[in-house]
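Numbering (our numbering), first residue to last: 1 to 294. Yeah, the Cβ is synthetic: ideal placement off N, Cα and C, and Gly gets one too.
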Ligand code: C5P
């Protein structure tokens, strides 16, 4: 069998970790045989499309950007509530020693309480546009080029986010990456006629239910029914299941970005993702893999 991995030089870089090279080799071979007509790409948003950090400063999540909208920023009760929730639940989300099965219930709790906290706030799309421009979210190096290539190649792209959908969509639009081939599944806000938020449009999507639960019966699902190869990119262990709801997917190549708790989390990431990128703030590896496949 040809050794595909050797044909993609970037995969031998020191921060690129692969546990099972034979499995990756097979998968790359199968996906490249299927070609672009059989391919779809699924991206997580926060810390996957955006950078995990810039010079050590962590990147704001879409929910954190939302909280900087003036009517949220000036609402002390709201700020206190979300600060308290983040202090309690974020360390749990990131803790490599807590089993995923124990985290699920706690993440559900976090998202339900977040929904409760934003309900009653009043804001407009203009507020969202402005906060996204002000926060200047940094997309990974090479992200814009990658999205442009995927659009030209007519490969369907799903941005599957447990973040705040309205912020995610606005950032994608402002960054000029929301091409016609891109769909977003996320927590979109539901507004009352007077601009007051009543909650999310659908049941909350959190970091560990980004799977068949949220993907079935969507436009994207129907669009990719005949595409049985997928590349999935994420930074959280739960992101690896993002193609799980698509039973027709035979080859799912999972690429994981790891930055926090590197030493402790690496074994789990290596078990979960086919390629693990340690502190890599670029799209260089996914682009090189795609260039090989096309
Ligand atoms: O796009 P992605 O699925 O990664 O977005 C989810 C992220 O949003 C989680 O990693 C979580 O840490 C963050 N979050 C937040 N504030 C909330 C809920 C989630 O910053 N209220």
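Item: Cβ-Cβ distance between residue 170 and residue 127 below 8 Å; Value: no
Item: Nearest neighbour of residue 257, chosen from 62, 240, 208, 21 [CA to CA]; Value: 240
Item: Those runs of the beta strand (DSSP E) which lie wholly inside the segment 122 to 166 and span at least 3 residues; Value: 157 to 164
Item: Proximity test, residue 163 beta-carbon vs the ligand C5P heavy atom, cut-off 7 Å; Value: yes
Item: Residues that DSSP places opposite residue 185 in a beta bridge; Value: 160
Item: Residue 64 beta carbon near the ligand C5P (any heavy atom closer than 7 Å); Value: yes
Item: Runs of beta strand (DSSP E) wholly within the segment 163 to 241 (minimum 3 residues, chain order); Value: 182 to 187, 189 to 191, 197 to 200, 229 to 234
Item: Any non-hydrogen atom of the ligand C5P closer than 7 Å to residue 300 Cβ; Value: The displayed coordinates of the chain run from 1 to 294. Any statement about residue 300 would go beyond what the structure contains.
Item: Proximity winner among 8, 6, 16, 242, relative to residue 281 (alpha-carbon distances); Value: 16
Item: Close Cβ partners of residue 224 (< 6 Å) along its chain, the five nearest in sequence each way excluded; Value: 40, 156
Item: Boundaries (first-last residue) of the alpha helix (DSSP H) holding residue 63; Value: 62 to 66
Item: Option nearest residue 117 by Cα separation, candidates 24, 18, 198, 261; Value: 198
Item: Beta-carbon contacts of residue 56 that lie in its chain and below 6 Å, excluding the five residues immediately before and after; Value: none
Item: Close Cβ partners of residue 158 (< 6 Å) along its chain, the five nearest in sequence each way excluded; Value: 42, 183, 220
Item: For residue 108: DSSP bridge partner residues; Value: Looking at the DSSP assignment, residue 108 forms no beta bridge with any residue, so it has no partner.
Item: Sequence-distant residues of the same chain with beta carbon closer than 8 Å to residue 163, five excluded per side; Value: 45, 46, 61, 62, 63, 186, 187
Item: Exposure label - residue 37; buried when at least 16 CB within 10 Å; Value: exposed
Item: Every unbroken alpha helix (DSSP H) inside the segment 19 to 79 [4 residues or more]; Value: 21 to 34, 62 to 66, 70 to 73
Item: Proximity to residue 178 [Cα-Cα], best of 278, 90, 148, 66; Value: 148
Item: Collapsed DSSP secondary structure at residue 7 in the structure displayed; Value: helix
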